[in-house]
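These notes are about the structure you will find just below.
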Amino acid sequence: MKKENLENYLYFTLPMALNYQRNSYTLWESALKTFNDEETRFVFDPKLCLEKTFEEVQYALTKYKIALQKQKQTEIWLSLCNTFIELYNGDIRDLFNSLDNDVDKIRNFIQKENKKKFPYLSGTKICN
9 MKKENLENYL
19 YFTLPMALNY
29 QRNSYTLWES
39 ALKTFNDEET
49 RFVFDPKLCL
59 EKTFEEVQYA
69 LTKYKIALQK
79 QKQTEIWLSL
89 CNTFIELYNG
99 DIRDLFNSLD
109 NDVDKIRNFI
119 QKENKKKFPY
129 LSGTKICN
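Quick note: the sequence shown uses this note's numbering, first residue 9, plus one each step.
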């Protein structure tokens, strides 16, 4: 993927929300397998994710174990997809651009102003 592509931003953002008390290498292996599988790749597109049933998203996230906690982590993923659609029409780059790509502004927006809209991504460690 090209660095500036939306797909690239979503690929490196969404799985981070599930990087809680687990081996990061394993998470990224799972993310790559999920991305490379045509059946499960849709999870990296917030619009497509929200068009699927909960069970379809859950299956796609657990097939290669991006999600280890079936219910909770599927809810987190869908919540983030909803936030990206609601606030930025699915384009997370707009979040960064709207805050002048300023790390302090982005961190404040995610961790303080909109903490509930960014489950796990708003955590101190993962937000960084």
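By construction, the Cβ of each residue, glycine as well, lies at the ideal position given by its N, Cα and C atoms. Note that the structure is a prediction, hence the values are computed from the model and not measured.
For residue j and residue i, the rounded distance between their alpha carbons
| i | j | result |
| --- | --- | --- |
| residue 92 | residue 103 | 9 angstroms |
| residue 113 | residue 107 | 6 angstroms |
| residue 56 | residue 115 | 27 angstroms |
| residue 43 | residue 117 | 28 angstroms |
| residue 78 | residue 66 | 6 angstroms |
| residue 41 | residue 135 | 24 angstroms |
| residue 30 | residue 105 | 31 angstroms |
| residue 80 | residue 87 | 10 angstroms |
Distance CB(residue i)-CB(residue j) smaller than 9 angstroms
| i | j | result |
| --- | --- | --- |
| residue 89 | residue 26 | no |
| residue 38 | residue 74 | yes |
| residue 82 | residue 70 | yes |
| residue 128 | residue 24 | yes |
Counting only runs of 4+ residues fully inside the region 52-134, write out the alpha helix (DSSP H) ranges in chain order.
-> Whole alpha helix (DSSP H) segments, 4+ residues: 54-59, 62-71, 78-96, 100-106 and 111-116.
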